[in-house]
Ligand SMILES: *Cc1c(COP(=O)(O)O)cnc(C)c1O
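In my numbering, the protein residues as written are 5 to 419.
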């Protein structure tokens, strides 16, 4: 009798553990069958050193206090949780809140991670920073924190992206960074990441590589997630204070997945909270015309991690397309692959044209111009909120502001 009660409790414990996804990957960075450390041998020792130092920093109250101080006084945290009253009323369904990461210093969530990693680089005694950038937002965030800490900064950027995002190139240069054009392949983000990895392999003694999303080899997906968890921790406290209850739905756009995992993670064990990640649907789901990895992607390895990615039958990485450069990448962060497999988070997509409509609608009804990336999440909310009861609460992550997208969006909206 006693034994069977014990067995029952043990079984229940296992079941509950299965229900609540583990908050950390295993020691080599696997989230289930995803993630890991697919890197050249020369990077294994430095990545293990980085993992160890990160563990020490995580348990160090002084590190956490310095980080919290910078997040508040330098970056502008906490960001508001704003009730979009006019937009909610227009849609006539659920009550919608915006988590205002667009109000952060440099205009997007990316600085949460850049500042955390800069502090870590200083602990490691590394005075040189490298980064990759697509649209330039992560490059600007990295150049900013390097200026703040007096670190030497080199940013790799595809030549095509440098032409498309010239204002961000000028910002990085003004901040004191060196921007290196990458001309290989499509000359966009994927090639910039490869170039940054090549630099790091040769310079790892003196250099820290600040990856811009929850991607790459362990420990990056976990570390980047942890630096962005502040988004969800704040949102949870704010909605409990403002509404006295948890939301029914969280929505965020998913490029590599850092803003989404930052919002979602602190709610993972709240089983009544649904979560939806919105990928870039581009022109629609036909090969090479989108970046929605959960729509017909394949399991494979890209740039250090095993995850869902867009590739042809020979395993060659496909071209991708999205109106928003920040979502235009062939692989998704490994923890999202895991959460999708567990059925804990659902993934859908918004097309370019739906995102552009949402970009215009939120601007006109709330006076808030979202980044085109964030507009993908806004587009999904515009689709579902009218069908949900008015008691439901939705929180959508407004990952960034749309100033950087003005030229492109206005040109496309005119066409
Ligand atoms: C870079 C970026 C994204 C996409 O990156 P994630 O890692 O998926 O968050 C989304 N929104 C904005 C504003 C960005 O700059």
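Don't be surprised by glycine CBs; every beta carbon is placed ideally from N, CA and C.
Keep in mind the model is a prediction, meaning the values are calculated, not measured.
Quick check on residue i: does DSSP put it in helix, strand or coil?
i: residue 136; result: strand
i: residue 42; result: coil
i: residue 303; result: strand
i: residue 79; result: coil
i: residue 272; result: coil
i: residue 162; result: strand
i: residue 173; result: helix
i: residue 353; result: strand
i: residue 395; result: coil
i: residue 34; result: strand
i: residue 310; result: strand
i: residue 402; result: strand
i: residue 333; result: coil
i: residue 381; result: helix
i: residue 131; result: coil
For ligand 1, I want to know if residue i counts as a neighbour, meaning its beta carbon is within less than 6 Å of at least one of the ligand's heavy atoms.
i: residue 299; result: no
i: residue 121; result: no
i: residue 344; result: no
i: residue 296; result: no
i: residue 375; result: yes
i: residue 116; result: no
i: residue 412; result: no
i: residue 401; result: no
i: residue 112; result: yes
i: residue 320; result: no
i: residue 141; result: yes
i: residue 263; result: yes
i: residue 367; result: no
Contact defined as beta carbons within less than 8 Å: I believe residue i pairs with residue j. What is the distance between those atoms, to the nearest angstrom?
i: residue 113; j: residue 235; result: 6 Å
i: residue 222; j: residue 83; result: Their Cβ separation, rounded to whole angstroms, is 29 Å, which puts residue 222 and residue 83 out of contact at 8 Å.
i: residue 218; j: residue 189; result: Actually they do not touch by this definition, with Cβ atoms about 23 Å apart.
i: residue 283; j: residue 331; result: 7 Å
i: residue 351; j: residue 344; result: 6 Å
i: residue 191; j: residue 150; result: That pair is no contact at about 24 Å.
i: residue 142; j: residue 257; result: Actually they are not in contact, since the Cβ atoms of residue 142 and residue 257 sit about 15 Å apart, beyond 8 Å.
i: residue 97; j: residue 292; result: Not confirmed; about 35 Å, so no contact.
i: residue 377; j: residue 259; result: 6 Å
So residue i is in the alpha helix (DSSP H); what residue range does that whole segment cover?
i: residue 90; result: 89 to 95
i: residue 345; result: 338 to 346
i: residue 142; result: 141 to 153
i: residue 284; result: Unbroken run through residue 284 is the beta strand (DSSP E), 278 to 284; no alpha helix (DSSP H).
i: residue 293; result: Careful: residue 293 lies outside any alpha helix (DSSP H) and carries neither H nor E.
i: residue 107; result: Counting along the chain, residue 107 falls outside any alpha helix (DSSP H), and DSSP gives it neither H nor E.
i: residue 254; result: Here residue 254 belongs to no alpha helix (DSSP H); instead the beta strand (DSSP E) covers 253 to 257.
Which stretch, first to last residue, makes up the beta strand (DSSP E) that contains residue i?
i: residue 236; result: Where residue 236 is concerned, there is no enclosing beta strand (DSSP E), although the alpha helix (DSSP H) it sits in stretches over 224 to 247.
i: residue 101; result: 99 to 104
i: residue 211; result: 211 to 213
i: residue 127; result: Run containing residue 127: none in the beta strand (DSSP E); it sits in the alpha helix (DSSP H), 114 to 127.
i: residue 193; result: First-last for residue 193: 193 to 207, but that is the alpha helix (DSSP H), not the beta strand (DSSP E).
Relative to ligand 3, is the shortest distance from any of its heavy atoms to the C-beta of residue i smaller than 6 Å?
i: residue 258; result: You won't find ligand 3 in this model; what it holds is ligand 1.
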